[in-house]
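So the structure is just underneath, and the comments pick up after that.
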Amino acid sequence: MDYYSILGITKSATATEIKSSYKKLAKKYHPDVNKEPDAQEKFKEISRAYQILSDPEKKKAYDQMGHSNFEQARKQGFGGSNQGFGGAYNVNFDDLFGGGFRDPFDIFSELFGGGGFSGRGRNNRQKRGEDIEVVAKLTFEEAVFGAEKELSYKAFDKCTTCKGTGSADDKAEDTTCSQCHGQGQVQQESSFLGARFAQIVTCPQCQGRGKIVKNPCKTCNGTGRERTHLTTKVKTPAGVDNGMQMRIPGKGNIGEFGSNAGDLYAVFKVEDHKYFTRHGSNLYLDVPITIPQAVLGDTIEVPTLEGKKNVKIPKGTNHRQQIKLSNLGVTQVNSRSRGDLILNIDLKLPEKLSAEEQKLYTKLKEVESKPKSILNKLFA
0 MDYYSILGIT KSATATEIKS SYKKLAKKYH PDVNKEPDAQ EKFKEISRAY QILSDPEKKK
60 AYDQMGHSNF EQARKQGFGG SNQGFGGAYN VNFDDLFGGG FRDPFDIFSE LFGGGGFSGR
120 GRNNRQKRGE DIEVVAKLTF EEAVFGAEKE LSYKAFDKCT TCKGTGSADD KAEDTTCSQC
180 HGQGQVQQES SFLGARFAQI VTCPQCQGRG KIVKNPCKTC NGTGRERTHL TTKVKTPAGV
240 DNGMQMRIPG KGNIGEFGSN AGDLYAVFKV EDHKYFTRHG SNLYLDVPIT IPQAVLGDTI
300 EVPTLEGKKN VKIPKGTNHR QQIKLSNLGV TQVNSRSRGD LILNIDLKLP EKLSAEEQKL
360 YTKLKEVESK PKSILNKLFA
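Residue numbers (numbering that gives the first Met the number 0): 0 to 379.
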C-alpha cells in the first residue's frame with residue numbers, strides 16, 4: 000500500500016488536501032482516542048506518509064523512485080553514520096534513511112499544538128537549538144569521488160560574556176519560575192471529540208528551565224547565546240549529487256541557556272562538468288562521429304572518470320544511437336553499485352567538402368544502385 004493510498008488521496012492532491020487528509024486520519028487513529036490494537040501502528044504509518052508527501056523534495060523523490068524502491072532504500076540505510084545521504088533525488092535521505100522518520104507524536108503536536116495527548120509528546124525541559132541549512136558548493140569531481148570540505152556559516156553559539164548562563168552576575172542566583180514552580184513544564188487541558196485531555200507542555204515563561212534569570216546578561220539579553228561565525232569540516236562520500244543534503248549533528252544553533260544545539264544541514268550544489276551530464280548514477284557523453292565512421296565502424300578514444308578509453312563504434316551506427324559502457328558511471332552513495340557511462344552518438348555531416356571529398360561522394364553516389372521510388376516499394 001503506497002503513501003497516497005494510506006492517506007486516501009491521489010498523486011494530484013494539493014498540499015492543503017494532503018494536510019487535511021492527515022489531520023482527519025491522525026485524529027481517528029491517535030492511540031489516546033482509538034483503542035484498537037493496531038491503532039498505534041496505523042497512526043505511525045499515517046504520520047510517515049504525511050512526513051514524505053508534505054515535503055515537496057521528499058515527495059518528488061518518492062514519485063520518481065516508486066514506493067517499493069523508496070522503502071528499500073529507506074530500510075537499507077547508510078550504515079551507521081550520522082551523516083546521511085541519498086541517491087540522486089534531491090532529498091534529505093538522512094532524515095528518511097539514516098536518522099529514521101520523525102516521531103509521529105511530534106508531527107501531530109506541531110499541527111494541533113501542545114505536547115500531544117496525555118503527555119505523549121516529547122518532555123524535554125529545554126528546547127534544543129534550531130537547525131541550520133547552509134549551501135556547500137562542490138566541483139563535479141568532488142561530488143563524484145568524495146572530498147573534505149570546510150563549511151563556514153553564521154549561528155548562535157554560547158555567549159562569550161556570560162558563558163551561556165544568561166546572567167550578568169555570576170553570584171546572583173536565578174529565581175524559581177512562578178508559573179511552573181521550577182518544573183519546566185506545565186499541564187494544559189484541552190478537549191478533543193467531546194473528551195478532555197491533559198497535555199504536558201514546556202513552560203512558556205521560563206522556556207523549560209524552571210528558573211528565571213534575575214540579572215540578564217546585556218550581550219545576549221539573558222538567553223545565554225549570541226550570533227557568531229562558525230566553521231566545521233565535513234567529509235562527503237563519493238556519489239553525492241546536486242540538491243542532496245548532509246546532516247551534521249549538533250552543529251546548528253546552540254539552544255538558550257546552554258541547551259543542546261540543533262543540527263547543521265549542508266545542501267550540496269554541484270558544478271556542471273565540461274563534458275559529462277549526470278542523471279542519477281549514470282553519466283552521459285555526446286560523442287561526435289563522421290559519416291565514414293558511422294558506416295564503416297571505427298575505434299575512438301573517449302574520456303571517462305578513470306581517464307581515456309578506446310571504444311569500438313560498430314558498423315552502421317545511427318545518429319542518436321547510444322553505446323553503454325557498464326560500470327563507468329558514478330558510484331552510488333554508501334554502496335558498491337555503480338552507474339554506467341552512456342555515449343550519445345552525434346553524427347556530424349560535413350558543412351564543406353574539399354575537392355577530393357566532393358569527388359569521392361560523387362563517385363559513391365554513382366556506384367549506389369538507383370533506389371526504387373516510394374510508390375514502387377509500397378505497392379510491390
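Don't be surprised by glycine CBs; every beta carbon is placed ideally from N, CA and C.
Residue from the options with nearest C-alpha to residue i
i	options	result
Glu-40	Ala-12, Ile-5, Asp-168	Ile-5
Asn-252	Leu-304, Thr-227, Gly-165	Thr-227
Ile-51	Gln-178, Asn-33, Lys-26, Lys-10	Lys-10
Thr-230	Lys-18, Thr-276, Glu-147	Glu-147
Asp-173	Glu-188, Phe-139, Pro-215	Pro-215
Phe-139	Gln-63, Asn-220, Ala-237	Ala-237
Gly-221	Gly-296, Thr-361, Asp-169	Asp-169
Tyr-152	Lys-232, Glu-300, Ser-258	Lys-232
Asn-317	Val-332, Leu-150, Gln-331, Lys-347	Lys-347
Lys-43	Pro-30, Ser-53, Gly-207	Pro-30
Gln-198	Gln-206, Gln-204, Cys-205, Glu-188	Glu-188
Gly-296	Gly-181, Glu-16, Ile-344, Val-143	Ile-344
Leu-340	Lys-351, Leu-304, Lys-34, Gly-165	Leu-304
Gly-165	Cys-179, Ile-247, Cys-205	Cys-205
Arg-47	Ser-280, Tyr-274, Met-0, Cys-158	Met-0
Asn-241	Ile-247, Glu-70, Lys-217, Ser-280	Ser-280
Glu-132	Met-245, Pro-55, Cys-158	Met-245
Gly-181	Pro-349, Gly-207, Ile-8, Leu-363	Gly-207
Tyr-3	Lys-34, Pro-36, Phe-267, Gly-65	Gly-65
Thr-235	Ile-8, Phe-267, Glu-16	Phe-267
C-alpha distance - residue i paired with residue j, whole-angstrom precision
i	j	result
Cys-176	Glu-255	16 angstroms
Gln-186	Ala-265	38 angstroms
Val-366	Gln-320	27 angstroms
Gly-183	Ser-325	60 angstroms
Tyr-28	Ser-20	12 angstroms
Glu-356	Leu-342	28 angstroms
Asp-14	Gly-249	Reading off the sequence shown, one finds Ala at residue 14, where the question assumed Asp. Going from the Cα of Ala-14 to the Cα of Gly-249 covers about 31 angstroms.
Ala-411	Arg-224	In the structure as shown, the chain begins at 0 and stops at 379. Residue 411 is therefore absent and cannot be evaluated.
Ala-167	Lys-213	9 angstroms
Leu-150	Ala-135	7 angstroms
Gly-83	Thr-276	Unreliable placement is indicated for Gly-83, whose pLDDT of 40 sits below 50; the coordinate value is still reported in the next sentence. So the two alpha carbons sit approximately 24 angstroms from each other.
Val-32	Val-332	42 angstroms
Lys-307	Ile-299	10 angstroms
Asn-358	Val-294	In the sequence under discussion, the amino acid at residue 358 is Lys, which differs from the Asn named in the question. Straight-line Cα distance between these residues: approximately 18 angstroms.
Asn-259	Leu-284	48 angstroms
Ser-336	Glu-56	24 angstroms
Ala-354	His-272	39 angstroms
Glu-35	Gln-63	35 angstroms
Thr-330	Asp-37	41 angstroms
Lys-364	Tyr-274	36 angstroms
Asp-93	Ser-334	With a pLDDT of 49 at Asp-93, under the threshold of 50, the modelled position of that residue is not reliable, and the figure given next carries that caveat. Cα-Cα distance, rounded: 15 angstroms.
Asn-68	Val-200	39 angstroms
Cβ distance (whole Å) where residue i is taken to contact residue j below 8 angstroms
i	j	result
Gly-328	Gly-338	3 angstroms
Thr-160	Cys-219	7 angstroms
Ile-45	Ala-25	6 angstroms
Ser-53	Lys-23	Contact flag wrong, Cβ pair sits at about 14 angstroms.
Cys-179	Gly-209	6 angstroms
Val-239	Ala-171	Actually they are not in contact, since the Cβ atoms of Val-239 and Ala-171 sit about 49 angstroms apart, beyond 8 angstroms.
Val-269	Leu-137	5 angstroms
Lys-157	Gly-257	7 angstroms
Residues that DSSP places opposite residue i in a beta bridge
i	result
Asn-309	Glu-300
Leu-229	Tyr-152
Ser-166	Pro-215
Tyr-283	Thr-276, Ile-341
Val-32	In DSSP, Val-32 forms no bridge with anything.
Thr-174	Ile-211
Gln-198	Gln-187
Lys-234	Glu-147
Ile-288	Leu-346
Tyr-264	Glu-132, Arg-246
Thr-330	Arg-337
Ile-322	Leu-342
Val-366	DSSP lists no partner for Val-366.
Lys-157	Arg-224
Leu-137	Val-269
Check: residue i C-beta below 8 angstroms from any heavy atom of the ligand HEM
i	result
Ser-177	The ligand HEM is absent from the structure shown, which contains no ligand whatsoever.
| Between the segment 258-272 and the segment 305-315, do three or more beta carbon pairs fall short of 8 angstroms? | By the Cβ criterion, the segment 258-272 is not in contact with the segment 305-315, since fewer than three pairs of Cβ atoms, one from each stretch, lie closer than 8 angstroms.
| message | Does the structure place the segment 271-291 close enough to the segment 126-134 that three or more beta carbon pairs sit under 8 angstroms? | response | no
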